[in-house]
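Following the working numbering, the numbering of the sequence shown begins with -19 at its first residue and continues without gaps.
C-beta: ideal position from N, C-alpha, C; glycine also.
These numbers were taken from a predicted model, which means no experiment stands behind them.
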Amino acid sequence: MEAAYEADLALRFLEAGLYRTAAGKAFQAFKALLAALAMKYRDALALRYPGRRRLKSGKAVEAVDWIIAVMPTGLMLEVARDLSQLARRELLHYANVALNLHEFQHNGLDRSGDLSRYARLESVAEDVKALTQYVREAVERLRGTA
-19 MEAAYEADLA
-9 LRFLEAGLYR
1 TAAGKAFQAF
11 KALLAALAMK
21 YRDALALRYP
31 GRRRLKSGKA
41 VEAVDWIIAV
51 MPTGLMLEVA
61 RDLSQLARRE
71 LLHYANVALN
81 LHEFQHNGLD
91 RSGDLSRYAR
101 LESVAEDVKA
111 LTQYVREAVE
121 RLRGTA
């Protein structure tokens, strides 16, 4: 599963001291997990995200299917909130961790703590490890129910 592969890459980059790249891969791992969970609970999410979405090609698809395929960053927190009621409560917490890491990937560290959520690389490393561990465990649970 893509989520597990991205989680493994995140840890490799972290070991190499590539914190921003590791943060990005941890974010991608969670995003892939969220899409997999959204697929599992597609029918329930379809009630929450009704309607159709027109693609650039002109083809119209169900809005929920577009969300599952793209999993836009701007909707990740809402999808995680919806899925946390169906799957596991901690999903919402880890969605916030993933979004924090995504912000760090793009903006970097701010040792003053004024402009970034991270003032220390150790905090980034802790979050990358925690998020990748959660993704790996969630993937194993998903594989067990497939």
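Inter-residue spacing [alpha-carbon to alpha-carbon] between residue i and residue j
i: residue -15; j: residue 91; result: 31 Å
i: residue 2; j: residue -8; result: 8 Å
i: residue -13; j: residue 115; result: 7 Å
i: residue 25; j: residue 44; result: 7 Å
i: residue 34; j: residue 40; result: 4 Å
i: residue 4; j: residue 38; result: 32 Å
i: residue 98; j: residue 113; result: 20 Å
i: residue 125; j: residue 27; result: 23 Å
i: residue -6; j: residue 30; result: 39 Å
i: residue 36; j: residue 102; result: 42 Å
i: residue 111; j: residue 69; result: 15 Å
i: residue 85; j: residue 10; result: 14 Å
i: residue 67; j: residue 0; result: 29 Å
i: residue 53; j: residue 79; result: 8 Å
i: residue 32; j: residue -3; result: 43 Å
i: residue 96; j: residue 83; result: 8 Å
i: residue 65; j: residue 51; result: 18 Å
i: residue 118; j: residue 73; result: 14 Å
i: residue 100; j: residue 120; result: 31 Å
i: residue 87; j: residue 94; result: 12 Å
For residue i: DSSP bridge partner residues
i: residue 33; result: 41
Assumed close pair residue i, residue j - CB separation to whole angstroms, cut-off 8 Å
i: residue 7; j: residue 71; result: That pair is no contact at about 15 Å.
i: residue -10; j: residue 77; result: Actually they are not in contact, since the Cβ atoms of residue -10 and residue 77 sit about 12 Å apart, beyond 8 Å.
i: residue 58; j: residue 12; result: Actually they do not touch by this definition, with Cβ atoms about 17 Å apart.
i: residue 17; j: residue 63; result: 5 Å
i: residue 56; j: residue 122; result: Not confirmed; about 18 Å, so no contact.
i: residue 75; j: residue 60; result: 3 Å
Does the stretch 13 to 29 come close enough to the stretch 38 to 57 that 3 or more CB-CB pairs lie under 8 Å? yes
Contained alpha helix (DSSP H) runs [length at least 4] in the stretch 66 to 118, N- to C-terminal order: 71 to 87
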